[in-house]
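S.K.:
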Amino acid sequence: VGRERVRARIVRYVQERAERRAGPRTNAWLRRVERARPVGAVLDAVWPRVRPEEVLAPLLGDPAELARAADGVLDDGEQRTLLWTGRAPRSWKSARWSAADLLLLDEVAGLLEHPEGYGHVVVDEAQDLSPMECRAIARRSAFGSLTVLGDLAQGTTPWAARSWRTVLAHLGRPDAAVVPLTTGFRVPKKVVGLANRLLERLDVDVPPARSLRGDGELTLREAAPGA
Numbered sequence: 214v215g216r217e218r219v220r221a222r223i224v225r226y227v228q229e230r231a232e233r234r235a236g237p238r239t240n241a242w243l244r245r246v247e248r249a250r251p252v253g254a255v256l257d258a259v260w261p262r263v264r265p266e267e268v269l270a271p272l273l274g275d276p277a278e279l280a281r282a283a284d285g286v287l288d289d290g291e292q293r294t295l296l297w298t299g300r301a302p303r304s305w306k307s308a309r310w311s312a313a314d315l316l317l318l319d320e321v322a323g324l325l326e327h328p329e330g331y332g333h334v335v336v337d338e339a340q341d342l343s344p345m346e347c348r349a350i351a352r353r354s355a356f357g358s359l360t361v362l363g364d365l366a367q368g369t370t371p372w373a374a375r376s377w378r379t380v381l382a383h384l385g386r387p388d389a390a391v392v393p394l395t396t397g398f399r400v401p402k403k404v405v406g407l408a409n410r411l412l413e414r415l416d417v418d419v420p421p422a423r424s425l426r427g428d429g430e431l432t433l434r435e436a437a438p439g440a
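To convert, take the position in the sequence shown, counting from 1, and add 213; that gives the numbering used here.
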């Protein structure tokens, strides 16, 4: 998308200069200019055609290259953490990307070419999203709407969210409405009551829940340490 917009501006510039000298140009003339080598050369100079892997591989494989790019952003320890362990791949084509690397590649792709978006995005278990995963979603919902579902008390990842405002900020919607859903029907009241007693031990701000189910029994058994 970005490259083609730049191409259109270059062609428009050439067209305006040509029409000042010789009058209106035909559509066939415009198509020839679009395909002309000089236009392609200028386009490659200002907006190179490059794959995200070609950008990221040198950064993760060359400490000096990463240091130049990360100067003032990442400290030495953070830079060492990002570098590939062992021998770096000979080229981006032979690189073995991890799941975390895919998010970096998506970030680079978003800078090179804006990804297609969606009118509405629904995200479940959003408490487990990392900031980079949030950014990937945000790029695809920049002009649409979002429904984000989750439970801060049920985070399962080291980077699990402690605040919905933090998640929403990474999603690009810092002022979005947060609506607590505190009524359930699957878990009996006595179990929900026990769970509510644990809330003060959690490092998250979660309101107490209530259940519509009055059935079920709850028996507590104390186990000896190490049993």
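Think of the CB as a built atom: it goes at the ideal place given N, C-alpha and C, for glycine as much as any other residue. Just so you know, these numbers come straight off a predicted model, no measurement behind them.
Have a look at the DSSP bridge pairing and note the partners of S424.
M.R.: G397
S.K.: Under DSSP, the alpha helix (DSSP H) around L359 begins and ends at which residues?
M.R.: From DSSP, L359 is part of no alpha helix (DSSP H) but of the beta strand (DSSP E) over 358 to 361.
S.K.: Taking the CB atoms as reference points, tell me whether R375 and D416 lie closer together than 9 Å.
M.R.: yes
S.K.: For P265, does the count of other Cβ atoms within 10 angstroms reach 16, so buried, or fall short, so exposed?
M.R.: buried
S.K.: Can you give me the C-alpha to C-alpha distance between R238 and Q228, rounded to a whole angstrom?
M.R.: 7 Å
S.K.: Hey, out of S354, R225, T360, whose CA is closest to A339's CA?
M.R.: T360
S.K.: Between R281 and R293, what straight-line distance do the alpha-carbon atoms span, to the nearest angstrom?
M.R.: Answer to the nearest angstrom: the Cα atoms are 13 Å apart.
S.K.: Is there contact between the segment 308 to 323 and the segment 267 to 275, where contact requires at least three CB pairs shorter than 8 Å?
M.R.: yes
S.K.: Looking at the secondary structure, which residues open and close the beta strand (DSSP E) in which H383 lies?
M.R.: That residue, H383, is in no beta strand (DSSP E); its alpha helix (DSSP H) goes 377 to 383.
S.K.: Judging by CA-CA distance, which residue of L324, D319, Q367, H327 is the nearest neighbour of C347?
M.R.: D319
S.K.: Closer than 8 Å by C-beta to E291: which residues in its own chain qualify, once you throw out the five before and the five after it? Chain order, please.
M.R.: A283
S.K.: Quick one: is the Cβ of V404 within less than 8 Å of any heavy atom of the ligand GTP?
M.R.: As presented, the structure is devoid of all ligands, the ligand GTP included, so that no description of it is given.
S.K.: Taking all protein chains shown into account, decide if S424 is buried (16 or more other Cβ within 10 angstroms of its Cβ) or exposed.
M.R.: buried
S.K.: Express the C-alpha separation of V263 and P393 in angstroms, rounding to a whole number.
M.R.: 45 Å
S.K.: Alpha carbon to alpha carbon, how far is R352 from R225? Give it in angstroms, no decimals.
M.R.: 29 Å
S.K.: Can you give me the start and stop residues for the beta strand (DSSP E) that V334 sits inside?
M.R.: 333 to 336
S.K.: Buried or exposed for V405, going by 16 or more other Cβ atoms inside 10 Å?
M.R.: buried
S.K.: Rounded to the nearest angstrom, what separates A349 and L316 at their Cα positions?
M.R.: 7 Å
S.K.: The alpha helix (DSSP H) with K306 in it runs from where to where?
M.R.: Looking at the DSSP string, K306 is not in any alpha helix (DSSP H), and its letter there is neither H nor E.
S.K.: Just the C-alpha distance for T369 and D341, rounded to the nearest angstrom, thanks.
M.R.: When rounded, the distance between both Cα atoms is 6 Å.
S.K.: Mind checking A277: buried by the 16 CB within 10 Å criterion, or exposed?
M.R.: exposed
S.K.: Under the assumption that E247 contacts R216 (Cβ atoms under 8 Å), give the Cβ distance between them as a whole number of angstroms.
M.R.: Rounded, the Cβ-Cβ distance is 12 Å, inconsistent with contact.
S.K.: I need the straight-line Cα distance from S358 to A436, nearest angstrom please.
M.R.: 49 Å
S.K.: Taking the continuous alpha helix (DSSP H) assigned at L279, which residues delimit it?
M.R.: 276 to 283
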